[in-house]
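Written below as structure tokens is the structure these notes are about.
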Amino acid sequence: MNTFALSPAIDAGTGLDIDPSSLARLRMEFLDRGAAVLGPPALVHDTHANLLNEALAQRQDASWSLIAKQCPGEISQHNLRAHLGRHARSFLSSASMLACLEHVTGQRLAPSWSASCYTYYDGPGQHMGEHCDKKEACRIALLVYLQTAWMPGVQPSAGLQLHVFRGDNAASGLLLRITGLSNRIVILNGAEQAHLRPALAAGEHMTMLAGCYRSATGSDFWTT
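First residue of the sequence shown? That's -6 in this note's numbering, and the numbers climb one at a time after it.
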């Protein structure tokens, strides 16, 4: 069996706030249900601040609105996207992050830049419909929740949740509801398990980094 030793260098290289026991838990969660959840906090302070500040800046300078109804071949969605900046690219592509993902997922991965972006859900009704990620472009998804907010005095609605299904469509059954709390990370088997985000309620907002990874070998494999 391959082993993975977490060292201070790995922690510093990824910016993850993680210890060996948490890493082992993530692997078990991913193998058991196809989604592993870290945090909050998932990121050390400086990494979280750098990514959030970059996301807010990219929203102003390099963003576009994405609105689509559920037509054949389309995913029903309403959100805002932005190109990655240098902090996101460095974070997603670091050797230590790739080693961490390989340990958790059992797969050797490489960033898929064309499928990765900052994503923003800003107002009532904004959502992401049921879908599976494209396997060739996003075999594994790394979802980094940078900032979420909701109305004071109430619990966050389903709109701030990621719904993950057992198989490749909703009919397979709902497996998980993961609330996108600030400074939380989800490692997701999104190419094989359908997922969605319900519509936001009034007063809710979410800013996230959606990192996609493709197989680095051209074919899927699992380490043992």
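Ideal placement from N, C-alpha and C gives every residue a C-beta, glycine not left out.
Quick check on DSSP: helix, strand or coil for histidine 76? Along the sequence shown, read from residue 1 onward, the residue named residue 76 stands at position 83. If DSSP states are grouped into helix, strand and coil, histidine 76 belongs with coil.
According to DSSP, simplified to helix, strand and coil, what is proline 145? Here the question's residue 145 lines up with position 152 in the sequence shown. The answer is coil: DSSP assigns proline 145 none of H, G, I, E or B.
Span of the beta strand (DSSP E) holding glutamate 123? Locating residue 123 in the sequence shown gives position 130, where the first residue counts as 1. Note, glutamate 123: beta strand (DSSP E), 120 to 124.
Does proline 104 come out as helix, strand or coil in the three-state DSSP assignment? In the sequence shown, residue 104 corresponds to position 111, counting from 1. Reduced to three states, the DSSP call for proline 104 is strand.
Counting along the chain, where does the alpha helix (DSSP H) carrying glutamine 53 start and finish? Here residue 53 refers to the residue found at position 60 when the sequence shown is read from its first residue. Unbroken alpha helix (DSSP H) run through glutamine 53: 38 to 54.
Given arginine 170, which residues of its chain have a CB within under 7 angstroms of its CB, disregarding the five upstream and five downstream residues? In the sequence shown, residue 170 corresponds to position 177, counting from 1. So the qualifying residues of the chain are Gln154, His156.
Please report the straight-line C-alpha distance between leucine 136 and alanine 164, rounded to a whole angstrom. Residue numbering aside, residue 136 sits at position 143 when the sequence shown is read from its first letter. Residue numbering aside, residue 164 sits at position 171 when the sequence shown is read from its first letter. Distance between the alpha carbons of leucine 136 and alanine 164: 24 angstroms.
Glycine 204 - partner residues in DSSP beta bridges: The count along the sequence shown starts at 1 and reaches residue 204 at position 211. Bridge partners of glycine 204: Leu135.
Please state whether the Cβ-Cβ distance between glycine 122 and leucine 167 is less than 7 angstroms. Working through the sequence shown from its first residue, we reach residue 122 at position 129. Working through the sequence shown from its first residue, we reach residue 167 at position 174. Going by C-beta atoms, glycine 122 is not nearer than 7 angstroms to leucine 167.
Could you check if serine 58 is buried or exposed, using at least 16 other CB atoms within 10 Å of its CB as the buried criterion? Position 65 of the sequence shown holds residue 58. Classification for serine 58: exposed.
In three-state DSSP terms, what is alanine 92? Position 99 of the sequence shown, counted from the start, is the residue given in the question as residue 92. Three-state result, alanine 92: helix.
What is the rounded straight-line gap between the Cα of glycine 116 and the Cα of alanine 55? Your numbering for residue 116 matches position 123 in the sequence shown. Your numbering for residue 55 matches position 62 in the sequence shown. Approximately 19 angstroms, taken between the alpha carbons.
Across which residues does DSSP place isoleucine 178 in a beta bridge pair? Along the sequence shown, one-based indexing puts residue 178 at 185. DSSP output for isoleucine 178 lists Leu31, Val137 as bridge partner(s).
Look at the Cβ atom of glycine 118, then the Cβ atom of threonine 141, and state whether they are nearer than 7 angstroms. Your numbering for residue 118 matches position 125 in the sequence shown. Your numbering for residue 141 matches position 148 in the sequence shown. Cβ atoms of glycine 118 and threonine 141: not closer than 7 angstroms.
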